[in-house]
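In our numbering, the protein residues as written are 21 to 417.
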């Protein structure tokens, strides 16, 4: 079995399919799809979204000791790129408890904000929320998943794909991963109880649903709460959806690295107009919308300076400029990964800028990015990283 780097697709051979009991008679699970051989019901081995959970789940079971060790290794990687607050999104219950135990045994060298996974059965009522870090760990809210990935062509759209996956119908738009009414009920419960939510929504149909859920959750309240519900990835967010996000106080977090890694692919999948406007950060700036940008590691490495470079340059792998009108300035991109990111986590009073009284999370770069040639931004290295005032990474000469 192979898992796509996005985590949204799996490829299983005949032995794995047989072991999992997947055959021509197996129906698609809710929120997933078993791809079939042309002209038949026989599985071709590709499993989309929730269908991927039918195989290999036991392979992902790890002990708390392994979670402790691998978490610290991962934190060291992030610190090497200058990141001092790290999100673990969609954390299952066992991993969450293992991380909490690990941080209690020996504090992490960075702050880890975990968002517990909201599964199909729903767990809104019992969801925990911890506003404060203990040992560098806290449960920062709940993550809900509404659709798939643009690169896997499972992002849920309002208009058909220009080029869909193999065997897809001409009007293929993908599909929701979570039943809409279950999402809305969960979002309403969480928002009304003050539990932050981050909602995975790549396609514009998924983003419509995300915003509808927020709108219904706050309807009838005396005043709009400061909920800062996050649209995670927001790749195909339309301009009118950014207007609605501004009115609702929602925060898009753009997976800006897509412009380089999959920009050429998106032009094929979505056509020129939609493909050129993935990660529409300039539209957000024009509307005064709070937003962030991210890498979504391990989908791509957590290289923050390369992320800043991609948001500023919007150059694809083939060298094409992808929607240059959506480019950010260097200062805007840096804000999106510092003070903008702190705002997303309700931490702007303690993080995100270098002012007296804030947590001393700092990095030293080998060059000033504001004075650098934009083409050289991704090559600027982190020389030293400080977390809570303590040096936790030093680059070897």
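By construction, the Cβ of each residue, glycine as well, lies at the ideal position given by its N, Cα and C atoms.
Please read all numbers here as calculations on a predicted model, not as lab measurements.
Item, Value
"Residue nearest to residue 297 in terms of C-alpha spacing, selected from 359, 314, 279, 42", "279"
"Within 8 Å, strictly: CB atoms of residue 231 and residue 265", "yes"
"Simplified DSSP state of residue 167, which is helix, strand or coil", "coil"
"Buried/exposed call for residue 22, threshold 16 Cβ in 10 Å", "exposed"
"Cβ shell of residue 304 (< 7 Å), same chain only, five flanking positions each side left out", "262, 272, 311"
"Cβ shell of residue 375 (< 7 Å), same chain only, five flanking positions each side left out", "none"
"Rounded distance between the beta-carbons of residue 332 and residue 445, thought under 8 Å", "There is no way to answer for residue 445, as the model of the chain reaches only from 21 to 417."
"Residue 436, DSSP secondary structure in three states", "Beyond the ends of the chain as shown, which are 21 and 417, falls residue 436; an answer cannot be given."
"Start and end residues, alpha helix (DSSP H) containing residue 90", "84-100"
"The alpha helix (DSSP H) enclosing residue 238, as first and last residue numbers", "224-238"
"Coarse secondary structure for residue 26, derived from DSSP in three states", "coil"
"Backbone CA spacing between residue 140 and residue 75 [nearest angstrom]", "Per-residue confidence for residue 140 stands at a pLDDT of 47, beneath the threshold of 50, marking its modelled position as unreliable; the derived number appears in the next sentence. Looking at the two C-alpha atoms, the distance is approximately 18 Å."
"Spatial distance of residue 226 from residue 416 (CA atoms)", "45 Å"
"Opposing strand residues paired with residue 247 [DSSP bridges]", "Paired residue(s): none; residue 247 is not in a bridge."
"7 Å Cβ shell around residue 185 - same chain, five flanking residues per side excluded", "173"
"Residue 131 burial status per 10 Å Cβ neighbour count (16 or more: buried)", "buried"
"Residue 101 beta carbon less than 8 Å from that of residue 324", "yes"
"Limits of the unbroken beta strand (DSSP E) element including residue 382", "382-385"
"Residue 82 beta carbon less than 8 Å from that of residue 29", "no"
"Residues near residue 13 in its chain [Cβ-Cβ closer than 8 Å; skip 5 each side]", "Not covered by the structure: residue 13. The range shown for the chain is 21 to 417."
"Environment of residue 399 [buried if 16+ CB atoms lie within 10 Å]", "exposed"
"Bounding residues of the beta strand (DSSP E) (the contiguous stretch that carries residue 69)", "63-69"
"Residue 108, enclosing alpha helix (DSSP H) - first and last residue", "Where residue 108 is concerned, there is no enclosing alpha helix (DSSP H), although the beta strand (DSSP E) it sits in stretches over 105-111."
"Residue 350 (DSSP reduced to helix, strand or coil)", "helix"
"Bounding residues of the beta strand (DSSP E) (the contiguous stretch that carries residue 414)", "410-414"
"Best match in 289, 253, 151 for proximity to residue 188 [C-alpha to C-alpha]", "289"
"Opposing strand residues paired with residue 272 [DSSP bridges]", "251"
"Distance, residue 342 Cα to residue 334 Cα", "5 Å"
"Residue span of the beta strand (DSSP E) that contains residue 136, given as start and end", "131-137"
"Residue 103 versus residue 193 - alpha carbon distance", "36 Å"
"CA-to-CA distance, residue 38 to residue 326, given in whole angstroms", "42 Å"
"Within 8 Å, strictly: CB atoms of residue 156 and residue 218", "no"
"Residues that DSSP places opposite residue 158 in a beta bridge", "133"
"Residue 390 burial status per 10 Å Cβ neighbour count (16 or more: buried)", "exposed"
"Boundaries of the beta strand (DSSP E) in which residue 406 is found, first to last residue", "402-407"
"Distance CB(residue 224)-CB(residue 177) smaller than 8 Å", "yes"
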